[in-house]
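As given, the protein sequences belong to chains W and D, one line each in that order.
With this note's numbering, the residue at position 231 of the first sequence is 231, and numbering never jumps.
Residues are numbered in this note's numbering as their position in the second sequence, beginning at 1, plus a constant of 353.
Okay, so here's the structure we're looking at.
Protein chains: 2
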Amino acid sequence: MRREGSVLDRLRVPVVQAPLAGGPSTPELATAAVRAGALGFLAGGYRGAEALREDICHVRGAVAGPFGVNLFVPGDGTVDAAEIESYAERVRREAAGVGAEAGQPAWSDDEWQSKLDVVLAERPAVVSFTFGCPERSLCDALHGAGVEAWVTVTEAGEAEQAAGAGADALVVQGVEAGGHRGSFLDRDGVGEVGMIALLRLVASRVDLPLVAAGGICDGYAAAAALVAGARAAQVGTALLDTPEAGTSPAYREALRLTGPTRLTRAFTGRRARGIVNGFMDRHDAAAPSAYPHVHSLTAPMRAAARARGDPDLINLWAGQGHALMPHGVSAEEVIARLAREIRAALDGARARM
Amino acid sequence: MRREGSVLDRLRVPVVQAPLAGGPSTPELATAAVRAGALGFLAGGYRGAEALREDICHVRGAVAGPFGVNLFVPGDGTVDAAEIESYAERVRREAAGVGAEAGQPAWSDDEWQSKLDVVLAERPAVVSFTFGCPERSLCDALHGAGVEAWVTVTEAGEAEQAAGAGADALVVQGVEAGGHRGSFLDRDGVGEVGMIALLRLVASRVDLPLVAAGGICDGYAAAAALVAGARAAQVGTALLDTPEAGTSPAYREALRLTGPTRLTRAFTGRRARGIVNGFMDRHDAAAPSAYPHVHSLTAPMRAAARARGDPDLINLWAGQGHALMPHGVSAEEVIARLAREIRAALDGARARM
């Protein structure tokens with residue numbers, strides 16, 4: 001079902017701020033994005049339901065204009081306990097090196113139902129989902145509350161499933177994107193498709209507004225996504241080193257070095273793209289598919305490494321374009337630059353034809 | 354050194370026909386591409402030097418207009434003999450199933466010097482290189498003959514090296530692209546970057562005209578590449594099922610089925626993207642990095658499978674956009690469609706801003 005009048009029609013700048021769960025997300029960042037004319041986002045993932053409610057109220061109090069909330073769809077918790085225990089042994093040794101202990105590898109639904117209650121009550125313009133497809137009944141409930149339901153997809157089959165469940169728009173996540181793959185299943189090779197090819201494949205199969213994600217660090221890349229059929233470009237890495245983001249100092253420092261990125265399960269038990277560092281190199285091959293068990297297992301080690309300023313044990317999520325990200329520029333200015341470059345890119349290409 | 358007046362300035366349509374070595378390349382395909390206003394290409398790889406000379410004369414006799422020749426830069430032949438022998442045992446069993454024997458796993462320079470003599474004498478508008486960077490002296494010799502030297506690159510470091518060697522333009526190959534990775538080294542993870550991010554990274558480091566490759570199967574994807582800074586879009590998969598291509602019937606048949614692609618060394622000993630089939634599934638994990646040894650090892654098996662119409666043992670090279678490729682349409686019409694869609698994509702995006 002395609003509903004008319006998406007929030008995407010009302011943006012001054014065709015840019016969506018990526019939710020950036022796990023630290024970088026702040027109400028200040030979402031506020032700045034809205035102020036700049038983009039769609040701001042709050043990350044619900046890893047955040048308590050009440051804290052999320054406060055974040056929503058914070059943004060609403062600071063700026064007029066639509067914003068979204070991103071939620072992680074919980075998995076069924078099926079994992080191989082022996083694999084996790086064997087991996088935990090590795091994490092224990094690494095954690096000891098920074099004076100930390102390994103965490104408990106436990107399943108959690110990340111307060112799923114409580115957060116749904118929050119968004120249904122607080123009614124942000126958009127709720128987007130990652131790691132799975134919401135049920136039809138949930139999309140219906142969101143529509144009833146006047147909230148758009150967006151679903152993150154990484155292959156055409158997921159896009160069709162999301163359209164069937166009543167999604168209003170899709171976040172089409174190319175393999176270039178930093179952070180977790182939003183794939184419904186965490187399986188090697190699933191949805192590892194370049195952004196433009198994926199946009200074209202999805203556009204050929206579903207008739208929904210598309211938001212493109214995947215290594216977009218400047219307006220030329222954003223314009224490419226728009227030309228290939230996206231209604232907006234989602235930008236995450238480019239905002240990580242803005243003052244409004246909650247990115248840790250050690251993470252910011254690492255982002256100033258150029259280096260290749262890779263997909264890995266080493267930090268969380270689910271494929272995510274980050275800058276290659278020592279922990280990834282040493283443990284990637286051994287990391288099981290077990291989310292969020294591995295996330296909670298490595299969390300104390302990562303926190304300790306952040307506190308010590310040691311980037312070698314931190315998940316350095318970044319997209320493939322990260323060498324081009326701005327540093328020390330305000331989020332509003334990053335988005336204003338994107339808008340200027342998008343226009344220049346479109347005008348330039350048309351003039352050359 | 355940036356030379357003025359690239360052949361890219363003289364194309365009616367900003368499209369480059371991918372060379373498509375190993376069967377699909379024909380003089381008829383290159384001729385049709387030139388006729389349609391794109392840059393046609395002949396594949397020098399796997400082709401005898403004299404046959405290549407005849408191909409060049411064929412195209413030159415059939416159409417006025419520039420075209421290029423692609424050559425494979427030979428490697429140093431360093432391989433692990435035990436790994437190859439162990440892999441040969443697998444190939445022998447598979448080959449026996451189609452009444453073939455395994456080939457000899459041998460190094461070859463693919464008649465490198467003879468082919469260089471041919472292109473220096475016949476002087477096509479462009480000679481492009483894959484699998485490595487030509488020496489500065491070779492680029493100088495090509496320039497002396499009035500021939501542009503293009504280099505295929507898959508990461509920014511390779512782009513800088515090629516620029517330093519005197520390349521006139523770069524073919525920027527995104528990870529979406531079908532067929533072999535053009536990376537200078539065959540190492541996991543090297544140059545596995547999405548097309549748009551890679552274009553932006555390369556454009557930030559070298560000042561050369563860029564040709565973008567990577568899963569481009571329609572004009573919207575091609576326009577995206579142009580907007581992101583490419584001077585032309587290279588298109589391969591979209592031309593595989595044209596009557597002018599030399600694609601085998603079994604390969605054409607397999608291209609009509611949609612299915613995921615993957616990078617694999619199983620067929621040639623070097624990473625290449627193809628549609629997942631039985632041979633890839635059974636042997637990918639065991640395949641050594643040993644090109645062209647594994648290529649010659651599997652060649653008789655693949656030829657026998659092609660003759661029998663069995664797609665399960667054939668290298669089904671295809672880009673990630675292959676589900677969108679046209680079927681049974683002439684190469685000239687494919688390129689004319691691309692040109693129309695490129696215009697529509699650019700105009701549409703500008704109008705929506």
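Cβ coordinates follow ideal geometry from the N, Cα and C atoms, glycine included.
Query, Result
"Residues in the stretch 179-211 of chain W having any Cβ partner in chain D nearer than 7 Å", "Gly189, Val193, Gly194, Met195, Ile196, Ala197, Arg200, Leu201, Ser204"
"Cβ neighbour criterion (16 or more within 10 Å) applied to D/Leu592", "buried"
"Unbroken beta strand (DSSP E) run spanning D/Ser439, endpoints", "D/Ser439 -> not in any beta strand (DSSP E); alpha helix (DSSP H) instead, spanning 434-450."
"D/Ala404 versus D/Leu616: straight-line alpha-carbon distance, rounded", "30 Å"
"Sheet register partners of D/Phe314 (DSSP bridge)", "The question about residue 314 of chain D has no answer, for chain D in this structure spans 354 to 706."
"Under 9 Å (Cβ pairs) to chain D, residues found in the stretch 224-236 of chain W", "Ala224, Ala225, Leu226, Val227, Ala228, Gly229, Arg231"
"Assigned secondary structure, D/Gln514 (DSSP; H/G/I helix, E/B strand, else coil)", "helix"
"Own chain, CB closer than 8 Å to D/Ala441, minus 5 neighbours either side, in chain order", "Ala455, Pro458, Leu650"
"Where W/Ile314 falls: helix, strand or coil (DSSP)", "coil"
"Range of the contiguous alpha helix (DSSP H) that encloses D/Leu691", "684-705"
"CB of D/Pro372 within 8 Å of CB of D/Asp408, strictly", "no"
"Alpha carbon of W/Arg181 to alpha carbon of W/Ala159, nearest angstrom", "14 Å"
"C-alpha distance - D/Met354 paired with D/Asp560, whole-angstrom precision", "Only weak support exists for where D/Met354 lies, its pLDDT of 41 falling under 50; the value from the coordinates is given anyway. So the two alpha carbons sit approximately 9 Å from each other."
"Residue of D/Pro641, D/Arg655, D/Gly589, D/Gly397 minimising C-alpha distance to D/Thr431", "D/Pro641"
"Cross-strand partners of D/Val588 (DSSP beta bridge)", "D/Gln370"
"Under 8 Å by beta carbon: chain W residues contacting D/Glu529", "Val193, Gly194, Ile196, Ala197"
"Chain W contact residues for D/Pro613, given Cβ-Cβ distances below 7 Å", "Gly189"
"Beta-bridge partners of D/Arg626, as assigned by DSSP", "D/Gly532, D/Leu616"
"Among W/Val15, W/Val7, W/Ser6, W/Leu8, nearest to W/Val334 - alpha-carbon criterion", "W/Val15"
"Below-8 Å beta-carbon distance, D/Arg355 vs any chain W residue", "Note that D/Arg355 scores a pLDDT of 42, beneath 50, so its modelled location is shaky; the value from the coordinates is reported in the next line. No - not a single Cβ of chain W is within 8 Å of the one on D/Arg355."
"W/Gly61 (DSSP reduced to helix, strand or coil)", "helix"
"Straight-line Cα distance separating W/Ser114 from W/Ala49", "6 Å"
"Three or more C-beta pairs below 8 Å linking the stretch 612-632 of chain D and the stretch 527-544 of chain D", "yes"
"Residue-chain proximity (D/Leu691, chain W), Cβ-Cβ < 8 Å", "no"
"Chain-ordered neighbours of D/Gly674 on chain W, where CB pairs are closer than 7 Å", "Ala197, Arg200, Leu201"
"is_contact[W/Cys133, chain D] using C-beta, thresh 8 Å", "no"
"Sequence-distant residues of its chain with Cβ nearer than 8 Å to D/Asp710 (five each side left out)", "Beyond the ends of chain D as shown, which are 354 and 706, falls residue 710 of chain D; an answer cannot be given."
"Beta strand (DSSP E) segment containing D/Leu551, residue limits", "Segment 548-556 is the alpha helix (DSSP H) holding D/Leu551; no beta strand (DSSP E) there."
"Option nearest D/Gly542 by Cα separation, candidates W/Trp150, W/Ser248, W/Ala125, W/Gly259", "W/Gly259"
"According to DSSP, residues forming a beta bridge with D/Phe394", "D/Gly421"
"Close-in-space but distant-in-sequence residues of the same chain around D/Asp663 (CB under 7 Å, 5 per side omitted)", "Val451, Ala603"
"Cα-Cα separation between D/Thr590 and D/Arg609, rounded to whole angstroms", "12 Å"
"Own chain residues within Cβ distance below 6 Å of W/Pro24, not counting five before or after", "Leu240, Ala245, Gly246, Thr247"
"Within-8 Å CB hit, W/Cys139 to chain D", "no"
"Neighbour list for W/Gly214 in chain D, Cβ cutoff strictly below 8 Å", "Gly547, Ile549, Ala550"
"Contacting residues, own chain, Cβ-Cβ under 6 Å from D/Arg365 (five flanking each side not counted)", "Gly390"
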